[in-house]
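S.K.:
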Amino acid sequence: MIDLEAMRTLEQTTQEILELATKHFKATPGSLKADDDFYKKLGIDSLQALDMLSRLEDHFHIELPDYEVQGVSDFKTLAERVQARL
Amino acid sequence: MLDLSKYSSIGEAVRDALETWPREVCLYESDRGEEKQRITYREFKERALPLAKWLQDSGFRPGDRASIIMTNQSKWLISAYAIFYCGGTLVPLDYKLKPEEQWTLLKHSGASILITEYPIWRQLSSSPGRVATPAVKNVLVTEAPANADLAGASAWESAKGTGQPMFVPRKREDLACIVYSSGTGGTPKGCMMTHGNYLEQCVALTSIYPFWPGVKYLSILPTNHAIDFMVGFFGPFTCGAAVVHLRTLRPEFLREAFPKYQITYVSLVPLVLKNLQRGLQSRFDELPPAKRRIFERLRAINKSLTKSRPILPLSRLLLKQVHAAFGGKLEAIIVGGAFTEPQTLQFFYDLGIPVANGYGLTEAGTAVTVNDLHPFRADTVGKPLPGMEVRILNPDADGIGQVSVRSKTVMAGYLNEPELTAQTIVDGWLMTGDMGRFDVAGHLQLFGRKKNMIVTEEGKNVYAEDVEQAFEGLPVKEYCVFAANYIWPSRSMVGEQLVLVIHLDHGQTFTEDLRKEIAARNNRLINYKRVHGVVLYNEDFPLTASLKIIRVALAERLGKLNREQAILPI
Chain R
1 MIDLEAMRTL EQTTQEILEL ATKHFKATPG SLKADDDFYK KLGIDSLQAL DMLSRLEDHF
61 HIELPDYEVQ GVSDFKTLAE RVQARL
Chain F
87 MLDLSKYSSI GEAVRDALET WPREVCLYES DRGEEKQRIT YREFKERALP LAKWLQDSGF
147 RPGDRASIIM TNQSKWLISA YAIFYCGGTL VPLDYKLKPE EQWTLLKHSG ASILITEYPI
207 WRQLSSSPGR VATPAVKNVL VTEAPANADL AGASAWESAK GTGQPMFVPR KREDLACIVY
267 SSGTGGTPKG CMMTHGNYLE QCVALTSIYP FWPGVKYLSI LPTNHAIDFM VGFFGPFTCG
327 AAVVHLRTLR PEFLREAFPK YQITYVSLVP LVLKNLQRGL QSRFDELPPA KRRIFERLRA
387 INKSLTKSRP ILPLSRLLLK QVHAAFGGKL EAIIVGGAFT EPQTLQFFYD LGIPVANGYG
447 LTEAGTAVTV NDLHPFRADT VGKPLPGMEV RILNPDADGI GQVSVRSKTV MAGYLNEPEL
507 TAQTIVDGWL MTGDMGRFDV AGHLQLFGRK KNMIVTEEGK NVYAEDVEQA FEGLPVKEYC
567 VFAANYIWPS RSMVGEQLVL VIHLDHGQTF TEDLRKEIAA RNNRLINYKR VHGVVLYNED
627 FPLTASLKII RVALAERLGK LNREQAILPI
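Sequences listed follow chains R and F, in order. Going by this note's numbering, 83 is the number at position 83 of the first sequence; the sequence numbering is gapless. Going by this note's numbering, 243 is the number at position 157 of the second sequence; the sequence numbering is gapless.
Rendered as structure tokens:
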């Protein structure tokens with residue numbers, strides 16, 4: 001069987017994260033970019049960012065400990081952390 | 087509770103607590119809703135003493151310093167007790183700091199031992215700061231995967247000496263902890279806290295908010311923070327109570343923990359409290375109109391009946407579902423670390439959930455004032471705790487002046503900073519830098535700061551000077567970071583911001599490229615340390631003979647600008 005999870009590229013992962021964040025935080029579709037600072041762009045706090053992690057875990061079927069997002073504030077780095085666990 | 091007047095150190099008191107309540111549970115540890123361990127006072131002792139022996143066998147001597155950089159968990163407290171047992175001084179550091187910042191503070195503290203977690207060590211061990219900090223001789227790492235490369239560290243789980251360690255008594259005036267209230271970029275402010283400071287603070291706090299066997303305290307604030315160290319370790323342990331650790335701070339698991347453990351107390355920073363408020367409010371908003379009307383009626387009845395004091399059994403009956411969501415045993419939410427907006431405090435109190443808001447700072451040994459809830463007042467930070475002398479210096483026509491504190495809980499001084507200490511503790515009085523006044527009922531009200539710093543809603547102290555490093559080499563003539571309220575004094579304690587003041591070279595303009603460069607540097611800072619905007623200033627900064635910026639004079643000149651117009655977005 002082909003493992004679809006393993007076939008995702010970093011670009012695809014980033015795109016999916018952007019879509020998830022857009023939906024979860026009700027942002028304008030297409031307004032989020034990979035380099036965006038999600039705290040600033042979405043106007044969210046650190047707890048809301050942690051909440052987003054749970055959505056990512058469900059979507060990608062991975063476990064993402066809190067420390068993985070310690071100091072991370074842009075979607076691109078977040079995508080790299082997710083990609084490393086796929 | 088133990089009679090703390092009999093003890094001269096944290097280690098001595100905790101040692102007796104472990105003998106007094108051997109069968110009581112002292113720690114619960116849960117990860118993602120699943121309980122991983124439950125430790126009794128006897129088991130705590132059985133885990134801590136072999137570590138203490140290992141420390142002693144490794145050459146750790148009384149007065150030596152050992153640092154802990156860990157998330158909230160049982161091994162944090164076990165390690166801390168082992169350090170105190172050996173007569174050591176604990177240096178608790180914030181696990182959220184960047185590795186370079188952690189090394190800077192480790193070096194400053196003179197710690198010879200570091201106890202940390204594997205994910206943190208992975209970053210620390212590859213950071214250049216490690217080479218520059220040779221004083222840290224031994225590193226213990228918890229929860230490392232089997233066969234992981236520990237980069238010169240040892241596994242915490244294997245650090246077990248054989249035989250009985252020797253308990254080392256300490257005096258009340260001896261150093262217990264070095265707690266950094268800031269200073270990762272500028273002057274490190276390592277508050278030297280004595281054993282006496284903690285013993286006195288514990289007595290004062292528990293006289294108003296007591297712990298007893300059966301109490302479950304939910305530990306969320308980082309344990310390196312003075313509040314959690316007191317109410318999430320020393321306080322409950324001297325009373326036979328239990329501490330609940332969650333290995334994640336995700337809102338869904340946080341919410342789950344209240345009913346699961348029937349939490350008695352929790353300490354929160356305003357950010358988390360507001361998050362809870364938002365969650366509750368959206369649930370109230372979703373109620374069908376008829377239910378909503380009933381709920382609002384019950385809330386109004388509760389509000390009117392609890393005006394003079396909390397009546398928990400009544401509130402739990404009236405607003406059953408709300409209280410059930412909090413586990414039904416919650417005695418109070420302790421709010422600290424930063425100023426909380428009155429409307430948030432009132433929101434919870436009206437639901438029958440007492441909110442113990444107060445005021446404190448690490449230098450004063452945590453809390454200075456606290457609301458005793460008789461009656462609840464959302465507009466003040468309460469009355470001074472027993473043993474605290476608080477006075478207002480040079481009050482203006484409105485009675486507002488600098489808050490100063492004298493108490494046995496006030497720190498011994500800043501480590502290696504005699505001048506800063508002399509400026510901060512004057513004739514035995516701690517100059518807090520916060521502005522306030524007492525009302526007729528003896529409650530303290532706060533009105534802004536005198537200090538060039540901000541406190542975020544997460545309870546983080548950010549000194550303007552600590553942020554300046556991020557802009558080093560910026561292509562401008564001069565620059566300086568200020569707390570906006572330091573330039574334009576405000577009587578508000580919320581929404582504080584930092585601004586970057588730049589003086590452009592002759593003929594230089596504020597181009598889009600320069601703005602982008604500032605934004606890029608700003609984004610490299612951890613989110614709560616970022617500057618909010620840029621202020622352009624076209625005159626030379628006032629300098630000392632040694633070419634240091636005279637900040638007070640510069641702030642005074644900048645203060646003549648119009649705040650709204652002067653701050654440009656980045």
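From the three backbone atoms N, C-alpha and C, an ideal C-beta is built for every residue, glycine too.
Any beta carbon of chain F sitting closer than 8 Å to that of glycine 71/R?
M.R.: By this cut-off, glycine 71/R is an interface position.
S.K.: Output the distance between the C-alpha atoms of alanine 328/F and valine 317/F, rounded to the nearest integer angstrom.
M.R.: If you take the alpha carbons of alanine 328/F and valine 317/F, they lie about 11 Å apart.
S.K.: Output, in chain order, the set of chain F residues within a Cβ distance shorter than 7 Å of aspartate 37/R.
M.R.: Correct list: Asn609.
S.K.: What does proline 205/F reach in chain R if we use C-beta pairs closer than 9 Å?
M.R.: Result: Pro65, Tyr67, Glu68 and Gln70.
S.K.: Specify the secondary structure class of histidine 59/R as computed by DSSP and reduced to three states.
M.R.: Three-state result, histidine 59/R: helix.
S.K.: Could you list which residues in chain F have their beta carbon closer than 8 Å to that of serine 54/R, in chain order?
M.R.: The answer, in chain order, is Arg336 and Glu338.
S.K.: List, from N- to C-terminal side, the beta strand (DSSP E) runs of 3 residues or more that fit wholly inside the segment 475-530 of chain F.
M.R.: With a minimum length of 3 residues, the continuous beta strand (DSSP E) runs that stay inside the segment 475-530 of chain F are 475-479, 487-492 and 515-524.
S.K.: So, does the CB of valine 55/F fall closer than 8 Å to a CB anywhere in chain R?
M.R.: Because chain F is modelled from 87 through 656, residue 55/F falls outside the range shown and cannot be assessed.
S.K.: Using a beta-carbon distance cut-off of less than 8 Å, what residues from the segment 149-177 of chain F approach chain R?
M.R.: Cβ contacts with chain R: Thr157.
S.K.: In chain R, which residues lie less than 7 Å from asparagine 613/F when you measure between Cβ atoms?
M.R.: Simply Tyr39 and Ser73.
S.K.: At the 8 Å Cβ level, is asparagine 547/F part of the contact set with chain R, yes or no?
M.R.: Output row for asparagine 547/F: interface = no.
S.K.: Name the chain R residues whose beta carbon is nearer than 7 Å to that of glutamate 544/F?
M.R.: Within chain R, the residues near glutamate 544/F are Ser46.
S.K.: Anyone know if the C-beta pair for isoleucine 264/F and arginine 133/F falls short of 8 Å?
M.R.: Contact flag unset, no.
S.K.: Would valine 358/F count as contacting chain R if we go by Cβ distances under 8 Å?
M.R.: Yes - at least one Cβ of chain R is within 8 Å of the one on valine 358/F.
S.K.: Since lysine 346/F meets chain R, which of its residues come closer than 9 Å, beta carbon to beta carbon?
M.R.: Within 9 Å Cβ-Cβ: nothing; lysine 346/F doesn't reach chain R, min ~18 Å.
S.K.: Do you know whose CA, among Pro561/F, Gly326/F, Ser160/F and Gln188/F, lies nearest threonine 595/F's CA?
M.R.: The shortest Cα separation from threonine 595/F among Pro561/F, Gly326/F, Ser160/F and Gln188/F belongs to Pro561/F.
S.K.: Considering just the uninterrupted stretch of the beta strand (DSSP E) at lysine 92/F, what are its terminal residues?
M.R.: Premise fails: lysine 92/F is in no beta strand (DSSP E) and is neither H nor E.
S.K.: Give the secondary structure of histidine 409/F by DSSP, where H, G and I count as helix, E and B as strand, and everything else as coil.
M.R.: Note: histidine 409/F maps to helix in three-state DSSP.
S.K.: Under 8 Å, Cβ to Cβ, is there at least one residue of chain R near lysine 602/F?
M.R.: By this cut-off, lysine 602/F is not an interface position.
S.K.: Examine the Cβ distances between the segment 153-171 of chain F and the segment 90-106 of chain F and report whether three or more of them are shorter than 8 Å.
M.R.: Taking 8 Å as the limit for Cβ pairs, the verdict is that the segment 90-106 of chain F does touch the segment 153-171 of chain F.
S.K.: From the DSSP output, read off the bridge partner residues of cysteine 277/F.
M.R.: Val265/F and Tyr500/F, per the DSSP bridge assignment.
S.K.: Whole beta strand (DSSP E) runs in the segment 419-451 of chain F with 3 or more residues, listed along the chain?
M.R.: The segment 419-451 of chain F contains these whole beta strand (DSSP E) runs: 441-447.
S.K.: Taking the continuous alpha helix (DSSP H) assigned at phenylalanine 315/F, which residues delimit it?
M.R.: Element bounds for phenylalanine 315/F: 312-315.
S.K.: Runs of 4 residues minimum, wholly inside the segment 284-354 of chain F: which ones carry the alpha helix (DSSP H) assignment?
M.R.: List check, alpha helix (DSSP H) in window: 312-315 and 337-347.
S.K.: Would the beta-carbon of asparagine 74/F fall within 8 Å of that of alanine 550/F?
M.R.: Residue 74/F lies beyond the residue range present for chain F, which begins at 87 and ends at 656; the question has no answer from this structure.
S.K.: Any beta carbon of chain R sitting closer than 8 Å to that of lysine 302/F?
M.R.: Judged by the 8 Å Cβ criterion, lysine 302/F is not in contact with chain R.
S.K.: Going straight from the alpha carbon of leucine 56/R to that of lysine 40/R, what length do you get?
M.R.: The alpha-carbon atoms of leucine 56/R and lysine 40/R are separated by roughly 19 Å.
S.K.: Residues in its own chain within less than 8 Å of arginine 128/F by CB, not counting five upstream and five downstream?
M.R.: Counting only Cβ-Cβ distances below 8 Å, and skipping sequence neighbours, we find Leu104, Pro108 and Arg109.
S.K.: Aspartate 36/R to glutamate 598/F, Cα distance in whole Å?
M.R.: The alpha-carbon atoms of aspartate 36/R and glutamate 598/F are separated by roughly 18 Å.
S.K.: Within a Cβ cutoff of 6 Å, which residues of the same chain sit near lysine 223/F, ignoring the five residues on either side of it in sequence?
M.R.: Here the set comprises Ser198.
S.K.: Taking 8 Å as the threshold (beta carbon to beta carbon), is lysine 182/F in contact with chain R?
M.R.: Yes, lysine 182/F lies at the interface with chain R (some Cβ there is under 8 Å from its Cβ).
S.K.: Nearest to isoleucine 420/F by CA position, among Gly174/F, Val456/F, Ala631/F and Asp591/F, is which residue?
M.R.: Looking at the Cα atoms, Val456/F is the closest of the given residues.
S.K.: How about isoleucine 653/F: is its C-beta nearer than 8 Å to some C-beta of chain R?
M.R.: By this cut-off, isoleucine 653/F is not an interface position.
S.K.: Does DSSP put isoleucine 387/F in a helix, a strand or coil?
M.R.: Note: isoleucine 387/F maps to helix in three-state DSSP.
S.K.: Can you tell me which residues form a DSSP beta bridge with lysine 469/F?
M.R.: Partner(s): Val456/F.
S.K.: So lysine 76/R and threonine 14/R are in contact, right, with Cβ under 8 Å, and what is the actual spacing, rounded?
M.R.: Yes, they are in contact, since the Cβ atoms of lysine 76/R and threonine 14/R sit about 6 Å apart, within 8 Å.
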